[in-house]
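Peer 1: Quick one: the structure is below, and I'll ask about it shortly.
Numbering (the UniProt record's numbering), first residue to last: 1 to 158.
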């Protein structure tokens, strides 16, 4: 039986990003050979539409480019994502870096100017607090990277 992994829905080709596009991974076939993937979009789960205004984390809040506070929707989507992971026994999450929901190592700096800073998204923070290993899609550039992630999952390391 393959280990289960949460994956950002945009990474499997579902057009659910803020701009209505997807960001399908080149290594998707490697992933599906080794993991049962459970596609989720925390922003959609939180009730945000497609397309939607870009949002960035500013301090403790998530705001759209026009200043609308969407923090509660992001938190709701994060909570639902964690519940899906728990219900399915997923101990790994493969997430879209730079996203205010799913950023794993980097997020936009909150000024809507395209600058990045070190940080994690709302969903990533909650998943990590539950002991779920979060990996950004940019950490899976090759089949060897996917194999290493699978080996970690098989050994139960998060």
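A virtual CB, placed ideally from N, CA and C, is assigned to each residue, including glycine.
What you are looking at is a predicted structure, and each value in this text was computed from that prediction instead of being measured.
(1) Suppose you measure from the CA of residue 37 to the CA of residue 6; what does that come to, to the nearest Å?
(2) Residues in its own chain within less than 8 angstroms of residue 125 by CB, not counting five upstream and five downstream?
(3) Determine contact between the segment 22-29 and the segment 57-69, defined as no fewer than three beta-carbon pairs at a distance below 8 angstroms.
(4) I need the DSSP call for residue 140, collapsed to helix, strand or coil.
(5) Which same chain residues, not among the five before or five after residue 158, have their C-beta less than 6 angstroms away from its C-beta?
(6) Tell me whether residue 84 sits in a helix, a strand or coil according to DSSP, three-state version.
(7) What does a CB cutoff of less than 6 angstroms around residue 48 pick up in its chain, not counting 5 residues either side in sequence?
(8) Which of the three DSSP states, helix, strand or coil, is assigned to residue 74?
Peer 2: On the basis of the supplied data:
(1) Between residue 37 and residue 6, the C-alpha separation is close to 6 angstroms.
(2) 78.
(3) With a cut-off of 8 angstroms, the segment 57-69 and the segment 22-29 do not count as touching, because too few Cβ pairs lie within range.
(4) Here residue 140 sits in coil by DSSP.
(5) Confidence at residue 158 is low in this model, with a pLDDT of 49, below 50, so its placement is unreliable and no value can be given for it.
(6) Shown here, residue 84 sits in a helix according to DSSP, grouped into three states.
(7) Excluding residues within five positions, the ones whose Cβ falls inside 6 angstroms are 73.
(8) Residue state, collapsed to three classes: helix.
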